[in-house]
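To start, the structure under review is shown below, and the notes come after it.
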Amino acid sequence: MSSELDTVFAALADPTRRAILTMLLEDDMAVTDVADPFEMSLAAISKHLTILSRAGLIAQEKRGRVKWCKLQPDAMRAASVWMQGFGQFEPVHLDAFERFLASELDDQPPVAQAPAVQNSEI
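Take the sequence shown: its position 12, counted from the start at 1, is 59 in this note's numbering, and no numbers get skipped.
So, in structure tokens, the structure goes:
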């Protein structure tokens, strides 16, 4: 199972592959349609799709002369379960944390600063 998780996380590590998965959330897409929004060759997109396929995150099938991509969301289940194991920690709410820091800083006495050194004193 560890190697499967490694493969899924490695596939998810690339922003292009994450963007492809987001596109496939809406519907199945032809490979050429997947490639359209990216400024890279069809061969480069095919490499990304191969990595996603090997990770089990998408399935590719030929329909006539067109190769289609379909999201396989169950492949992320093990990764999701693994990440939920860290749910024991409270999420950090940045706004609340910022307010806390501001209140702590307001309660602190001002820090004495060392006097500025003049060039003639060096």
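Even glycine gets a Cβ: it sits at the ideal position worked out from N, Cα and C.
Nothing here was measured: the structure is a model prediction, and the numbers come from that model.
Query                                                                                                                    : Result
Other residues of its chain near Q131: CB distance less than 7 angstroms, five sequence neighbours each side excluded    : none
8 angstroms CB neighbourhood of W115 in its chain, flanking five on each side removed                                    : D75, M76, A77, V78, Q107, E108 and K109
Straight-line Cα distance separating S150 from L71                                                                       : 45 angstroms
Which of helix, strand or coil DSSP assigns to R112                                                                      : coil
Nonlocal neighbours in the same chain, by C-beta distance under 7 angstroms from L59, ignoring five residues either side : R65
Local conformation of Q131 per DSSP, three classes                                                                       : helix
Identity of the residue in G111, D80, V113 and F56 nearest L99 by Cα                                                     : F56
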